[in-house]
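In the order they appear, the protein sequences are chains U and G. Going left to right, the first sequence walks through residues 1 to 112 as my numbering numbers them. Going left to right, the second sequence walks through residues 1 to 179 as my numbering numbers them. Beta carbons: idealized from backbone N, C-alpha and C, even for Gly.
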Amino acid sequence: MRTARFDELIHAPTRLEIVSLLAAAQWADFKYIRDELGLSDSALSKQLSTLESAGYVEIRKRFVGKRPRTSASLSTAGRQAFEQHVAALQRIIARSQQDPEAGPAARGILGH
Amino acid sequence: MGNTQQPQPAGTGASGAEAAAALAAIQRQQGQVIESVLVPGWYWWAMAAGMVAIGAARDSGDLIVEAITIPLAALVMAVLTGAMIPAVRRRVQVHSATQPGARGAAATFGLILLLDGVILGTAASLAAARVPYPATIGCAAGAAVIVIAGPLVNRYLGRLMLSQARQQMNDAPQAGGTA
């Protein structure tokens, strides 16, 4: 059974958007991600490198004709971490609805 | 995996509102990916224009007009239809679990059958009744169908994909988890 696990690496706003986009896709072109999220080339490269270093994203470089094309996809580990993070978010919401007076720490939001 | 997380200290993570905002952002991104692989609105109008051009050429009775217009319109429609999928696939491909599947295929096939039925049925009926311009009117009826039903089928496919994506998101992990 997979666990709910809050993932700080994924939760950062820009990375959450990138991972969410890649979770819905088999793969996505670098330019597509950049344009959809309104990021600069360097900002996207940096975030993808971080995710790649964590083993969450696989970067593929190939040539279409003479043009280089870079695409990204979630790795199996990345998809699993994303699903666990979503489960953790859902649990945080469920617990906050059950006990709206409690603070985050009291609600045990960490998924562990 | 490079980010094997250890249990975090209390006080980190997110509040309920932050978690809800994060989930909303996730769903928004899913919607954007799905939206970007759907057929654009102008496509249906281009198909409708092509159909009417073919019908009008057929009714013109001019062999040269027919010989030029019909293959040209058919070619443009075929190229546009063929370009839809590769144009999208060069940028992003929707995850296999989110594909519309059998229900999506049935909706697309149903649209094609409806279109053929309306065009052929109308044109044949009008021709039998000796009404002038049967092919033009039949194709215009088909054009009206595709302009109305095309976007509806498109939206249905989008909703189907989105619901599958959300279903997958809700079902895959155990939300209650082994905490």
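- The residue among G:59, G:46, G:49, G:14 with its C-alpha nearest the C-alpha of residue 131 of chain G is G:59.
- Here residue 116 of chain G is exposed: its Cβ has fewer than 16 other Cβ atoms, across all protein chains shown, within 10 Å.
- DSSP lists U:68 as the beta-bridge partner residues of residue 63 of chain U.
- Residue 14 of chain G carries a coil assignment under DSSP once its states are collapsed to helix, strand and coil.
- Remark: fewer than three beta-carbon pairs, one from each stretch, lie closer than 8 Å, so the stretch 15–34 of chain G and the stretch 72–81 of chain G are not flagged as touching.
- Of all C-beta pairs linking the stretch 89–100 of chain U to the stretch 42–51 of chain U, fewer than three are shorter than 8 Å, placing the two stretches out of contact.
- Under DSSP, no beta-bridge partner is assigned to residue 131 of chain G.
- Against residue 23 of chain G, the close residues of chain U are 86, 89, 90, 93, in the order they occur along the chain (beta-carbon pairs closer than 8 Å).
- Under DSSP, residue 74 of chain U takes part in a beta bridge, and its partners are U:57.
- Counting of Cβ neighbours within 10 angstroms places residue 7 of chain U among the buried residues, the total reaching 16 or more.
- Taking a Cβ-Cβ cut-off of 7 Å, the neighbours of residue 20 of chain U in chain G comprise 25, 26, 29, 30, given in sequence order.
- The C-beta distance from residue 12 of chain U to residue 88 of chain U rounds to 15 Å, too long to meet the 8 Å contact threshold.
- In the DSSP annotation of this structure, residue 94 of chain G is not part of any alpha helix (DSSP H); the continuous beta strand (DSSP E) holding it starts and ends at 92–94.
- Taking 8 Å as the cut-off, the beta carbon of residue 118 of chain G is found no closer than this to the beta carbon of residue 37 of chain G.
- Taken in chain order, the members of the stretch 85–114 of chain G whose beta-carbon sits within less than 8 Å of a beta-carbon on chain U are 90, 91, 92, 93, 94, 95, 96, 98.
- According to the DSSP assignment, residue 48 of chain G belongs to the alpha helix (DSSP H) that extends over 41–60.
- Within the model, the alpha-carbon separation for residue 56 of chain U versus residue 74 of chain U is close to 6 Å.
- Listed along the chain, the chain G residues whose CB falls inside 9 Å of the CB of residue 96 of chain U are 15, 16, 17, 19, 20.
- Against residue 17 of chain U, the close residues of chain G are 25, 29, in the order they occur along the chain (beta-carbon pairs closer than 8 Å).
- The closest CA to that of residue 49 of chain G, considering only G:72, G:96, G:29, is found on G:72.
- Beta bridge pairing from DSSP links residue 28 of chain U with U:72, G:92.
- Per DSSP, reduced to three states, the secondary structure at residue 109 of chain G is helical.
- Across the stretch 40–57 of chain U, CB contacts with chain G closer than 8 Å involve 53, 54, 55, 56, in sequence order along the chain.
- Taking a C-beta distance under 8 Å as the contact criterion, residue 122 of chain G and residue 107 of chain G do not qualify as a contact pair.
- Listed in chain order, the non-local C-beta contacts of residue 52 of chain U below 6 Å within the same chain comprise 59, local neighbours out to five positions each way being set aside.
- Look at residue 90 of chain U here: in three-state DSSP terms it is helix.
- Straight through space, the alpha carbons of residue 90 of chain U and residue 84 of chain U are spaced by roughly 10 Å.
- Taking the beta carbon of residue 33 of chain G as reference, the chain U residues within 7 Å of it are 21, 24, 25, listed in sequence order.
- Chain G places a beta carbon closer than 8 Å to that of residue 28 of chain U, counting this residue as a contact.
- For residue 46 of chain G and residue 30 of chain G, the gap between their C-alpha atoms comes out near 28 Å.
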